[in-house]
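Numbering (full-length UniProt numbering), first residue to last: 1 to 688.
A short worksheet on the structure shown next.
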Amino acid sequence: MSALAAPNEVVTRALLRQVRVPGLAKPAALITLDNGFDHTKPNTFGPAGLTSLDEAVTAALAADPAFIAVTGKPYIFCVGADIVGLPALADRDQALEIGRLGHRVFARLKDSAVPTFAFVNGAAMGGGLELALHCHYRTLSSGAAALALPEVSLGLVPGWGGTQLLPNLIGIPAATQVIIQNPLMQNKMLKPKQAAELGIADVLLEPADFLERSLEWAAGVVSGEVNVTRPEVDKDMWAGVLYFARQTLDQRLHGAVPAAYKALDLLETAKDADFATGTAAEDEALADLVFSEELRSGLYAFDLVQRRAKRPAGAPDKGLARPVTKVGIVGAGLMASQLALLFARRLQVPVVMTDLDQSRVDKGVGYVHTQIEKAVSKGRMDKGTAAKLYGLVSGTVDKGAFADADFVIEAVFEDLNVKKQVWAELEKIVKPEAVLATNTSSLSVSAMAAELEHPERVVGFHFFNPVAMMPLLEIVRGERTDDATLATAFAVGKQLKKSSVLVSDAPAFVVNRLLTRFLGTVFAAVDAGTPLEVANRALDPLGLPMRPLALLQLVGPAVAYHVGGTLHAAFPDRFSVSENLKRIADSGQPIVTDDQINDEVAKLLVVGDQPLTEEQVRQNALDALAQEIRLMLDEGVVAEAQDIDLCMILGAGWPFHLGGVTPYLDRTGTSERVAGKRFLPRGAASLR
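Quick look at the structure:
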């Protein structure tokens, strides 16, 4: 154990007490996991924490209880291994030892002759969920924040029994979703109801009296009054599901995420192998992955999303923020309607939309109502909440409705003159302290505000589509934006549950500027004569969430052409305007459908006779990114390279296994070759 001592471990203690439960002759042993902090610092397991749990189980068994139950501190069950300590492991043997220690301790609950229960009262992830899976029975609070086995997103695998227990509990299709698919979908979490429906929990209970009801339910199981039945797992489909999953990984990741393939191998083992063999395979896989570049990048990305995103660099004192009691939205199109629903749901204040005519307004409000109805029909929203939202969102053609709004955001046509006209008109209507926010994706916030009487209250508030799902919010400070406006923008972003990054007023800000340079380089290869298929495959080794042409289709060729034009005007030496892209936009046809290139669109292109290889296209794209990022940092578009990576992870789905953009450029030597130096210190997101 001494070899595994983690000097900086925040130890999660396993606190044992005896609990009398009505109907049982003997008391129950209740083990509560608690690291001594509130819910903002969740329980985790390091070597000392596992030792504490081991000792608690020993003491519990010695007391001959009616049953043993494990639960967590308020709002938190356990979020898994203490990953902060992973980089401190000195060698592979230490990695093997930490895996074996967790398996040995958790297995005591699985192999216990005394019934064991997990009372999952709050968030349960990674090793925390695996601990629960080792117990014979599980209750789950409907108020638990999230449940997941997120290891693959970091470059690891569930290493304490998850790959062996879960598929044999809920079946291989659902287990593959939880262990592989969800982590690769921006680390998607399970809600308690979903987890219960999958069969991860035996019963879903309300949070108000969760512990009491869990003890009651457990007593019923022990006494025989409650019969727990679980559907039989169909093993005939095992091979077919894993074959399909492997094909999907090949098509999407092209071998770029070793952890995902290791997880597939472990799931295959779980079909027929005994538990000891399966967990030994987990130990070996974990030890291999702990010393991989992907894990170091994954840990770096995890830290960005979990820590840096919560403390935005450069954000002013939150005490300067003004209260927002009413929101105005200029426009009633799709983006504006999405914004209206988001603001109403998160801020719970009146939201009013305006547009040029009543039919557009009615369409926008109708969209909001339809989305609310869908949420109710799918059980994602109760009728009381729906009724409240119906009352909060309204529409009118009279901009006078904005007179008492505290925060007004425009989502109109992406044209500087149009936006300037909107603000000139609204400034005469809104109160002096109202914040004026623009959802522009590429235009200058400073230019938009230049002719206003109060330009200091104009701020960029750039969302990403789809608004409800994409977590990034680029908050743009114009030349004259004041701290109170900026603080209000950050406060609103937090209420909207977005991760906000402060960016300066530079053309296309961060994500769109980099994606435009990236796509522009790929499309320049097409213009030169590179076949669309070759250009589209060129970035496959990176394992990006989608290929370049699919990304172009998602952005929209017309939008990409427009943003490209804005950047060409600002930086003509680096951003070109492709006439082929204009031809595609004008055609109105999709360039790809289900990753298949549209031959009719391909025929529209006018190309040169200097085709590039996949490797050349890929290196050109990476070189362009390295150059643009170095220029953006020199210009002060963001505070540090970490903010670039955070933006690309949250706004463009850049994979965790790459650590965002800059770790990959450092790791491949591209940053030093193109920009003269690394973006990050050695070891920050890499082994060396």
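Here a beta-carbon is modelled for each residue, glycine too, at the ideal position from N, C-alpha and C.
Here the structure is a predicted model, which is why all the values come from computation and not from measurement.
Suppose contacts are defined by Cβ-Cβ distances below 9 Å. Is G199 in contact with L169 by that definition?
Going by C-beta atoms, G199 is nearer than 9 Å to L169.
So, for R673: in the same chain, excluding its five sequence neighbours on each side, which residues have a beta-carbon less than 7 Å away from its beta-carbon?
Nothing listed; no residue qualifies.
Where does the unbroken alpha helix (DSSP H) through Y75 begin, and where does it stop?
Unbroken run through Y75: none, as it is neither H nor E.
Here's a check: name, in chain order, each residue in its chain whose Cβ is nearer than 6 Å to the Cβ of A118, leaving out the five neighbours to either side.
Contacts found: V70, A132, C135, R138.
With H, G and I counted as helix, E and B as strand and the rest as coil, what does DSSP make of Q18?
Strand, per DSSP.
If you draw a straight line from the alpha carbon of F291 to that of L50, how long is it in whole angstroms?
F291 and L50: Cα-Cα distance of roughly 22 Å.
Any idea if D250 is buried or exposed, counting beta-carbon neighbours within 10 angstroms, 16 or more meaning buried?
Exposed, because fewer than 16 other Cβ atoms sit within 10 Å of the Cβ of D250.
Give the secondary structure of V226 by DSSP, where H, G and I count as helix, E and B as strand, and everything else as coil.
In the structure shown, V226 sits in coil (DSSP, three-state: anything other than H, G, I, E or B).
Return helix, strand or coil for R360, following the three-state DSSP convention.
Residue state, collapsed to three classes: helix.
Buried or exposed: A569, going by 16 or more other Cβ atoms within 10 Å of its Cβ?
By the neighbour-count rule (16 or more Cβ atoms within 10 Å), A569 is not buried but exposed.
Near V241, what residues of its chain come up, given a Cβ to Cβ distance below 7 Å and the 5 sequence neighbours on each side ignored?
I172, P173, T176.
Below 8 Å CB to CB, which residues in the same chain sit around V430 once its five sequence neighbours on both sides are set aside?
Only G328, F402, A403, A405, V408, L436 meet the Cβ criterion.
What does D34 pair with, by DSSP beta-bridge criteria?
Paired residue(s): R13.
Taking the alpha-carbon positions, what's the G72 to A621 distance?
Going from the Cα of G72 to the Cα of A621 covers about 48 Å.
Based on Cα-Cα distance, which residue from L89, P42, A113 lies nearest to A146?
Among L89, P42, A113, the Cα nearest to that of A146 belongs to P42.
Three-state secondary structure (DSSP) at E284?
Helix at E284.
Compute the Euclidean distance between the alpha carbons of T12 and T488, then round it to the nearest angstrom.
Taking the straight line from one Cα to the other gives about 37 Å.
Sorted by chain position, which residues of the same chain lie with C-beta nearer than 7 Å to E433's C-beta, five sequence neighbours on each side aside?
R322.
Report the residue from D272, L286, T116 whose alpha carbon sits nearest the alpha carbon of E97.
Among D272, L286, T116, the Cα nearest to that of E97 is on L286.
Quick one: Cα of L539 to Cα of R618, how far?
Cα-Cα distance, rounded: 6 Å.
Note the first and the last residue of the continuous beta strand (DSSP E) segment covering F461.
458-462 is the span of the beta strand (DSSP E), which, as asked, contains F461.
Let me know if A208 comes out buried or exposed under the rule of 16 or more other beta-carbons within 10 Å of its beta-carbon.
So A208 counts as exposed.
Going by DSSP, what residue range makes up the alpha helix (DSSP H) through G298?
Here the alpha helix (DSSP H) through G298 covers 293-306.
Under three-state DSSP, which class holds G199?
Here G199 sits in coil by DSSP.
Could you check the C-alpha separation between S444 and L320 for me, to the nearest Å?
Cα-Cα distance, rounded: 25 Å.
Using a 10 Å radius around the Cβ and a threshold of 16 neighbouring Cβ atoms, would you call R547 buried or exposed?
R547 should be labelled buried.
Is it the case that the Cβ atoms of I680 and A626 are separated by a distance below 9 Å?
The sequence shown places Leu at residue 680, not Ile. No.
Measuring only the C-alpha atoms, how far is D586 from G564?
Spanning the two alpha carbons is a distance of roughly 15 Å.
Grab the span of the beta strand (DSSP E) containing T116 for me, first residue to last.
Residues 116-120.
Write down the C-beta distance between T385 and V349 rounded to the nearest angstrom, noting that I regard them as a contact closer than 8 Å.
Their Cβ separation, rounded to whole angstroms, is 14 Å, which puts T385 and V349 out of contact at 8 Å.
Using only the alpha-carbon positions, how far apart do E615 and A196 sit?
Distance between the alpha carbons of E615 and A196 is about 47 Å.
As an exercise, report each continuous beta strand (DSSP E) stretch of at least 3 residues that is fully enclosed by the region 126-153, in chain order.
Counting only runs of 3 or more, we get 137-141.
Does the region 53-66 come close enough to the region 22-33 that 3 or more CB-CB pairs lie under 8 Å?
The region 22-33 vs the region 53-66: in contact.
Quick one, which of D272, R307, V178, R345 has its alpha-carbon nearest M381's?
The shortest Cα separation from M381 among D272, R307, V178, R345 belongs to R345.
DSSP state of V515, grouped into three classes?
In the sequence as presented, Val is not what sits at residue 515; that position holds Leu. Three-state result, L515: helix.
Counting pairs of beta carbons, one from the region 528-545 and one from the region 631-645, are three or more of them closer than 8 Å?
Short answer: they don't touch.
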